[in-house]
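Visitor: Protein chains in written order, with my numbering: chain Y, 133 to 386; chain V, 133 to 386. Got a structure here, written out as structure tokens. Questions coming.
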DNA sequence: CTATGCTATTTATCCGGATAAATACCCCAC
DNA sequence: GTGGGGTATTTATCCGGATAAATAGCATAG
């Protein structure tokens, strides 16, 4: 049976991928809109399902479509979330040299901006979330493990602020940095119990921030966050340094 | 012939991908190192070549390996470049609202940091590159098209600084922002000729920066770049605003 | 000694088939 | 009318085969 492989200049599935992207842009498709599915594409391009599947798979790993099974199923345009980008960014950084100092070099300039941008944009639910976070993180930890969890929870405070930041790229960067620090906290087992005051120190800043948010005082929010970052950087360099690259490679996140 | 499809909880090819990633981390493999290739993986996992190929393909689109054909060919660990991450980030931003103001909100804080970080780290070649850039961009453009090219070339000045920035994540962010602005410049056809003084204005800042770099004056570099960004932001908001999303979706870049 | 062409190895691309799972929808019993 | 189960549709996963292309290394001719 004459199969027709003959190596093309560009893979047929790649052609399909690009055509689909053009279609998405040209038709101004919105998330949730339906995209031509397997049988339709097979007919359109006169190729086998394997080839079409490869194209759809590629679009799926890029986060552009989601596949649904069952009747009425098929490929639907997805609101590409930040996860694929974050995973690729971790892959990229795996072979680069990035230490805690490097993370804080960026965090010192990004977090104050994120925090200030969130002023006046916090919903009631987000306000409640921040307050809950402060309450939980104020409790003295009873074990080293609980202390570590608390440190991770503190980062959620910053993630909530990023959620309220209207600039999507700025919010992405903020969340990514928090993610990196989260890995760092998870990794540092040599975390001496007496140092739990660091956590209390962080919560103190969070309390001050909450107060400034209640007064919609952007300038003060920015100033507090900057001081917070400088303080946190001192603590982190005191703790030591290297962000473990093994945690950067794009594994599924717990 | 009994094929054994039965839908797994997790795809076999994904299992292979994750095992390979673990291998890369565990063995501390460096770019250029060889990775188990098709026939070896087929034997190891007892699956068909299609499945193995799917796994290797996934690693390839993540930029982690490159495939080579011919004798001695196979999968080799690649130094994951920034392109896949940048492409995914553009995909993510395609469905978000990001205007020129949003880009400059970040650029105003990132570029001064990048510029300051590059102080004392510029190679001879990079110095020459910056000087050449200033010379070329100082010439009065003779056509609107040439003027646009000049504006794009001006962004290369900033990319060179990013190249000299030792913080890989900071450099990535800087280059990404420049890329976005590049798209914006390419897109803006309604660019009035009389406004070519904007370009001259940019070059003036670049000249000042070059001088400060010669003196290794980080504080001054930072201050000049900040002023440069504020000025550029004013010009860009005057020009109008929205970054065209159609240029963000991850197409191959020219 | 060199250049050229042959060969063997390995991946590249595509095909179509088979079973498994998910799910919207309909039909029937109650 | 309503709930539950069956059914049809669609994708999910995997298989193995076939031809095409790239390339390193060898062999041979000049």
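Glycine residues also receive a C-beta, built at the ideal position from the N, C-alpha and C atoms. None of these values were measured; they are calculated from a predicted model.
1. Between which two residues does the alpha helix (DSSP H) holding residue 262 of chain Y run?
2. Within 7 Å of any Cβ in chain Y, is that where the Cβ of residue 234 of chain V sits?
3. Taking only runs of the alpha helix (DSSP H) that begin and end inside the segment 293 to 357 of chain V, which ones reach a length of at least 4 residues, in chain order?
4. Can you check which of these residues, Y/199, Y/298, Y/276, is closest to residue 248 of chain Y by C-alpha distance?
5. Counting only the same chain and skipping the five closest in sequence on each side, list residues whose C-beta sits under 8 Å from that of residue 245 of chain Y.
6. Whether or not the segment 227 to 237 of chain V and the segment 195 to 202 of chain V are in contact is what I'm after, with contact meaning three or more pairs of Cβ atoms, one per stretch, closer than 8 Å; do they touch?
7. Spatial neighbours of residue 338 of chain Y within its chain, please: CB distance less than 6 Å, with the 5 preceding and 5 following residues excluded, ordered by chain position.
8. Quick check: the segment 137 to 156 of chain Y against the segment 183 to 194 of chain Y, are there 3 or more CB pairs under 8 Å?
9. Once the 5 residues before and after residue 268 of chain V are set aside, which same chain residues still bring their CB inside 8 Å of it?
10. Taking all protein chains shown into account, do 16 or more other C-beta atoms lie within 10 angstroms of the C-beta of residue 142 of chain V, making it buried, or fewer, making it exposed?
11. Just to confirm my understanding: we take residue 250 of chain V, look at its own chain, exclude 5 residues before and 5 after, and list those with CB closer than 7 Å. What are they?
12. Given that residue 245 of chain Y touches chain V, what residues does it touch there, using C-beta distances under 8 Å?
13. Strictly under 7 Å for the Cβ-Cβ distance: is residue 293 of chain V near chain Y by that measure?
14. With C-beta atoms as the reference, is residue 145 of chain V less than 7 Å away from residue 206 of chain V?
15. Which residue wins for smallest C-alpha separation from residue 214 of chain V, given the options Y/263, Y/221, Y/212, Y/216?
16. Drop a sphere of 10 angstroms on the beta-carbon of residue 229 of chain Y, count the other beta-carbons inside from all chains shown, and report buried for 16 or more, exposed for fewer.
17. Let me know if residue 309 of chain V comes out buried or exposed under the rule of 16 or more other beta-carbons within 10 Å of its beta-carbon.
18. Reducing DSSP to helix, strand and coil, say where residue 149 of chain Y ends up.
19. What whole-angstrom Cβ distance do residue 216 of chain Y and residue 243 of chain Y have, given they're in contact under 8 Å?
20. Can you tell me whether residue 347 of chain V is buried or exposed, with buried defined as 16 or more other CB within 10 angstroms of its CB?
21. Using C-beta distances below 6 Å, list every residue in its chain close to residue 261 of chain V, excluding the 5 sequence neighbours before and after it, in chain order.
22. As a quick exercise: from V/318, V/241, V/192, V/341, pick the residue whose alpha carbon is nearest that of residue 223 of chain Y.
23. Using the C-alpha atoms, what's the distance from residue 370 of chain V back to residue 317 of chain Y?
24. According to DSSP, is residue 230 of chain Y helix, strand or coil?
25. List the residues of chain Y that residue 228 of chain V touches, going by C-beta distances under 7 Å, in chain order.
26. Starting from residue 173 of chain V and walking both ways along the beta strand (DSSP E), at which residues does that stretch end?
27. Using the Cα positions of residue 80 of chain Y and residue 181 of chain V, report the straight-line distance between them to the nearest angstrom.
28. Is the CB-CB distance between residue 163 of chain V and residue 218 of chain V below 7 Å?
29. Is there a C-beta anywhere in chain V that falls below 7 Å from the one on residue 194 of chain Y?
30. For chain Y, check one thing: does any of its Cβ atoms lie closer than 7 Å to the Cβ of residue 408 of chain V?
31. Whole angstroms is fine: what's the gap from residue 344 of chain Y's alpha carbon to residue 363 of chain V's?
32. Hey, out of V/340, V/341, V/280, V/335, whose CA is closest to residue 421 of chain V's CA?
33. Within 10 angstroms of its Cβ, does residue 253 of chain V collect 16 or more other Cβ (buried), or is it exposed?
34. For residue 361 of chain V, which residues in the same chain have their Cβ closer than 8 Å to its Cβ, ignoring the five residues on either side in sequence?
35. Identify which residue in V/272, V/140, V/305, V/319 has its Cα closest to the Cα of residue 225 of chain Y.
36. Residue 140 of chain V: buried (16+ other C-beta within 10 angstroms of its C-beta) or exposed?
Guide: Walking through what the data contain:
1. 256 to 270
2. yes
3. 300 to 319, 329 to 346
4. Y/298
5. The beta carbon of residue 245 of chain Y lies closer than 8 Å to those of 302, 354 in the same chain, with the five residues before and after it left out.
6. no
7. Correct list, in chain order: 266, 289.
8. yes
9. 282, 285
10. exposed
11. 293, 296, 297
12. Contact annotation for residue 245 of chain Y against chain V: 237, 238, 241 [CB-CB distance below 8 Å, chain order].
13. no
14. no
15. Here the closest residue by C-alpha is Y/221.
16. exposed
17. buried
18. Assigned with DSSP and collapsed to three states, residue 149 of chain Y falls in helix.
19. Incorrect: roughly 24 Å between the Cβ atoms, too far for contact.
20. exposed
21. Excluding its 5 nearest sequence neighbours in each direction, residue 261 of chain V has C-beta neighbours in its own chain below 6 Å: 292, listed in chain order.
22. V/192
23. 45 Å
24. coil
25. 300
26. Counting along the chain, residue 173 of chain V falls outside any beta strand (DSSP E), though it belongs to the alpha helix (DSSP H) covering 170 to 177.
27. The shown model of chain Y, from 133 to 386, leaves out residue 80 of chain Y, and the question about it has no answer.
28. no
29. yes
30. With chain V represented from 133 up to 386, any question about residue 408 of chain V goes unanswered, as that position is not in the structure.
31. 30 Å
32. The question about residue 421 of chain V has no answer here: the residues shown for chain V are numbered 133 through 386.
33. For residue 253 of chain V, the number of other beta carbons within 10 angstroms of its own is below 16, and it is reported as exposed.
34. 236, 239, 240, 243, 244
35. V/305
36. Flag for residue 140 of chain V reads exposed.
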